[in-house]
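Note that the sequence shown covers residues 365 to 766 in the working numbering. Heads up, the beta-carbon is just placed ideally off N, CA and C, and yes, glycines get one too. All values derive from a computational prediction rather than experimental measurement. Have a look at the structure below before the remarks.
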Amino acid sequence: KSGELAESMGFNLFLVGGIVRDMVMRIENLDVDLVVEGDGIIFAKALAEAFGGKVSPHEKYKTAVVRLPGGRRIDLATARLEYYRMPGAFPEVEESTLKLDLYRRDFTINTMAVALNPHRFGELIDFFGAQRDIREKKIRVLHSLSFVEDPSRILRAVRFEKRFNFCLGKQTVSLISSAVQAGFLRNIPGRRIFHEMRQILQEENPVRCMDRLHELKVLEAIHPDLVFDERIRESFVSVRETLFWFRLLYTHEKVRPWFLYCLALTEPMNPETVMSIAEALGLRREDAEMLLASRERVRELMKRLASLSEILPSKAFGILEDAALEEMLYAMSRSRSATFKKIFSTYVTSWRNYRPPVSGKDLLVIGFSQNPELGRCLREIRDQGLNGEIRDFAGAMDYART
Ligand code: CTP
């Protein structure tokens with residue numbers, strides 16, 4: 365339908381980028397990126413009108429985002445009409461604008477397009493050997509200035525290499541090495557590196573990506589104190605295992621894997637180093653301070669747990685109830701003893717959802733007044749319930765009466 369609409373407006377419309385790569389590789393991907401040969405914003409408005417969506421245009425870059433009623437998001441870009449001079453004495457020629465748009469992209473595997481206009485609907489366009497590179501399992505740049513133009517692509521290269529189990533092309537590796545050595549990573553805003561780093565930490569296996577970044581000396585080029593040594597690697601592996609475990613609970617609660625990995629990465633550092641790295645990555649001071657505060661809460665709760673002489677559920681509950689879920693998961697990943705791991709897992713799967721068999725209202729009925737006494741009694745009932753001493757409403761009321 366969108367192809368027909370484009371056709372009626374005299375535009376050419378293409379599906380591009382990651383979704384086409386993933387279609388060819390038979391991987392699910394729902395991120396729709398479109399390129400319009402014509403005017404992306406005018407087309408986005410027509411598209412939104414036709415399907416009842418909302419447009420957010422970006423006039424400067426001639427891009428737009430259309431949000432469709434079901435919550436689907438479509439990104440549109442404009443392929444501008446451009447001219448380029450062929451080497452030698454040829455006259456200026458008009459190139460396919462789509463081809464030029466694709467030529468500006470990071471790696472060959474991301475440069476395919478699918479035509480959407482009716483007369484060529486479904487035609488796969490592959491100017492730069494993407495299908496060959498997918499067959500050969502290679503991540504290759506399109507030209508030797510790719511990392512100079514955009515050094516954040518170094519991190520993207522590693523992310524795609526490990527995600528798809530591909531290999532970086534030989535030339536691509538040597539271009540990365542030169543760019544790293546030349547310090548190009550310091551030429552772009554830290555925030556862009558942080559964005560790519562966070563993407564890496566959201567991947568299925570960040571450990572392999574971090575190994576590769578370490579091997580390519582990318583981390584130390586970002587900041588001299590950013591390291592991925594054996595100790596941090598082990599923490600990463602445990603965080604990953606804990607996240608697997610948590611996902612299997614299907615609680616649908618949001619946890620940010622990248623945040624847990626940031627805790628692991630910064631654990632051995634002193635606060636000044638954390639702040640200095642945060643600054644290099646363009647993080648706001650408040651965000652870096654939040655990370656430090658989280659780290660402190662994790663340390664504190666582990667210390668308090670370790671000091672318990674007897675592990676009563678109510679005691680453990682009292683220590684864990686103020687920690688955020690992510691902090692708890694991190695502490696769980698860090699604890700060596702099976703007993704502690706068990707405490708964390710029981711807290712996450714059961715204790716934190718525990719509701720005592722009576723409410724404040726029930727206690728008011730039997731003569732409690734709304735004073736601290738009522739709160740204390742409810743807490744005691746909760747603790748006794750967690751410890752298995754109180755099992756039901758009658759037991760709780762008996763306890764309250766005495
Ligand atoms: N791109 C680029 N250089 C960058 C970032 C992005 O050339 N620094 C291009 C890539 O070709 C990519 C497209 O812009 O295909 C869209 O970027 P993004 O959504 O980040 O990448 P995807 O390929 O969709 O990756 P993912 O599967 O992780 O979403």
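Check, Outcome
"Can you tell me whether A688 is buried or exposed? The criterion is at least 16 other CB atoms within 10 Å of its CB, across all chains shown.", "exposed"
"Grouping DSSP H, G and I as helix and E and B as strand, with all else coil, what is T427?", "strand"
"Looking only at C-alpha atoms, which of L379, H616, R469 sits nearest to S396?", "The sequence shown places Val at residue 396, not Ser. Here the closest residue by C-alpha is L379."
"Ligand 1 heavy atoms versus the CB of N313: any closer than 7 Å?", "In this structure the chain extends from 365 to 766, so residue 313 is not present and cannot be described."
"Using 7 Å as the cut-off, classify the Cβ of V493 as near or not near the heavy atoms of ligand 1, replying yes or no.", "Residue identity check: residue 493 is Gly in the sequence provided, not Val. Every heavy atom of ligand 1 is 7 Å or more from the Cβ of G493, so no."
"Looking at the secondary structure, which residues open and close the beta strand (DSSP E) in which R648 lies?", "Premise fails: R648 is in no beta strand (DSSP E) and is neither H nor E."
"Could you give the DSSP three-state label for N717: helix, strand or coil?", "helix"
"Could you give the residue range of the beta strand (DSSP E) that holds R355?", "Since the displayed the chain opens at 365 and closes at 766, residue 355 lies outside it and no answer follows."
"Beta carbon of G416, beta carbon of R431: below 8 Å?", "no"
"According to DSSP, is V603 helix, strand or coil?", "helix"
"Please identify the residue among K502, G486, S599 whose C-alpha is closest to the C-alpha of G493.", "K502"
"Between the C-alpha atoms of L656 and V478, what's the straight-line distance to the nearest angstrom?", "47 Å"
"Kindly give me the distance between the Cβ atoms of A441 and T427, rounded to whole angstroms, as I take these residues to be in contact under 8 Å.", "5 Å"
"Would I586 pass as a contact of L549 if the rule is Cβ separation under 8 Å?", "yes"
"Just checking my contact of R520 with E560 at CB under 8 Å: how many whole Å lie between their CB atoms?", "6 Å"
"Starting from E401, follow the alpha helix (DSSP H) in both directions and report where the run begins and ends.", "That residue, E401, is in no alpha helix (DSSP H); its beta strand (DSSP E) goes 396 to 401."
"On a CA-only basis, which of R611, L539, F375 is nearest L480? Give me that one, please.", "F375"
"Under three-state DSSP, which class holds T703?", "helix"
"For R595, which residues of its own chain have a beta-carbon under 7 Å away from its beta-carbon, when the five flanking residues on both sides are left out?", "P632"
"Give me the Cβ distance between E605 and S697, rounded to the nearest whole Å; I'm assuming they're in contact under 8 Å.", "7 Å"
"Helix, strand or coil for N569 per DSSP?", "coil"
"DSSP three-state label for A585, please.", "helix"
"Just checking S516 against ligand 1 - is the residue's beta carbon closer than 7 Å to any of the ligand's heavy atoms?", "yes"
"Are the stretch 510 to 520 and the stretch 463 to 471 in contact at 8 Å, needing three or more beta carbon pairs?", "yes"
"Could you compute how far the alpha carbon of I754 sits from the alpha carbon of D726?", "16 Å"
"Quick check: what's the CA-CA separation for S420 versus E413?", "13 Å"
"Going by the CB atoms, is the gap between V729 and A760 shorter than 8 Å?", "no"
"Under the DSSP definition of a beta bridge, which residues are partnered with N376?", "E401"
"Let me check understanding here. Comparing Cα to Cα, which of E664, L613, A628 lies closest to S599?", "A628"
"Whole angstroms is fine: what's the gap from N474's alpha carbon to V591's?", "30 Å"
"In terms of residues, what are the limits of the alpha helix (DSSP H) holding P553?", "That residue, P553, is in no alpha helix (DSSP H); it is neither H nor E in DSSP."
"Just to confirm the assignment, what range does the beta strand (DSSP E) spanning D497 have?", "Segment 494 to 499 is the alpha helix (DSSP H) holding D497; no beta strand (DSSP E) there."
"Which residues in the same chain have their Cβ closer than 7 Å to the Cβ of N393, if we skip the five residues on either side of it in sequence?", "G382, I383, D386"
"To the nearest angstrom, how far is it from the Cα of I405 to the Cα of P433?", "19 Å"
"Does DSSP classify F511 as helix, strand or coil?", "helix"
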